[in-house]
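Numbering (my numbering), first residue to last: 105 to 390. For every residue, glycine included, the Cβ atom is placed at its ideal position computed from N, Cα and C. Note that the structure is predicted; figures quoted are calculated from it, not measured.
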């Protein structure tokens, strides 16, 4: 089983602190790194991936300080950036062979297995410039897996994908999580709520909370309510007074909101979801 430990990671850009004394321990499974834009997610995962150096703190992979690995550390890491780019005139097979060469992987069978796994084997001879966004993301995950990494890092991998491709991508991630650490950075709570073994909330570069989705949502127990607004005037009044997380228009307005006490006599207490937690914790961060 792989282990990854972060101890007191700190990173600043001039006077701006991007990551502040961040510590966490990872084992095999999926970790949803969840926070608003600008929370420090990309900086943190770039440090884990070895793309950036922290100003202080240490990282241990399987009990060994990664500084001792030097360049061989990258043999253990798979990294999918937020906006993966490929040579547009290469085919999918040529891209995979190129990535295999960069990682000193000489097994062509593995290339075909990975293209089959992400459902691109029938497109292997097609020019990547003609791929849809979802197909490019699937090719990117296949590329990141070429060296069979112990730690797979994904930076906003579902951004810009349609709902069907997002579900497909989440299913791919779920299937490969048993024998590796997967760190899935996102600001879309629904992308990790169903598949992550643990959620890590991050804001202003600091660890806010860590736990299962159920444990994270438990913090809002008794504070999430559903009520009805009969018309636009009532809806407007509720919006002024309440921390509303969703509104559904079914002729009347079904409102979901967060507050300590019942917002109206007919309000019904409901279970909190990760979206509610996100909006409650980060509502002032856009």
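Which residue marks the beginning of the alpha helix (DSSP H) containing residue 302, and which one marks its end? Where residue 302 is concerned, there is no enclosing alpha helix (DSSP H), although the beta strand (DSSP E) it sits in stretches over 302-307.
Using a Cβ-Cβ distance cut-off of 7 Å, determine whether residue 361 contacts chain B. You won't find chain B in this structure, because it holds only one protein chain.
So, is residue 206 buried or exposed, given that buried needs 16 or more other C-beta atoms within 10 angstroms? exposed
Once DSSP output is grouped into helix, strand and coil, what is the label at residue 282? coil
If you count every other CB in all the chains shown that lies within 10 Å of the CB of residue 259, and 16 or more means buried, which is it? buried
Do you know offhand how far residue 378's Cα is from residue 297's? 6 Å
Flag this pair as yes or no: are the beta carbons of residue 339 and residue 333 separated by less than 7 Å? yes
In whole angstroms, what separates the C-alpha of residue 222 from that of residue 257? 17 Å
Using the DSSP secondary-structure output, state which residues sit across from residue 57 in a beta bridge. This structure gives no information on residue 57, because the portion of the chain shown stretches from 105 to 390.
Would residue 162 pass as a contact of residue 169 if the rule is Cβ separation under 7 Å? yes
Report the three-state DSSP secondary structure of residue 265 (helix, strand or coil). Assignment of residue 265 by DSSP, reduced to helix, strand and coil, places it in the coil class.
Whether residue 309 touches residue 144 by CB criterion (7 Å): yes
Counterpart residues of residue 120 in DSSP-defined beta bridges: Bridge partners of residue 120: 117.
Check whether residue 115 and residue 147 have beta carbons under 7 Å apart: yes
Is residue 330 helix, strand or coil when you go by DSSP? strand
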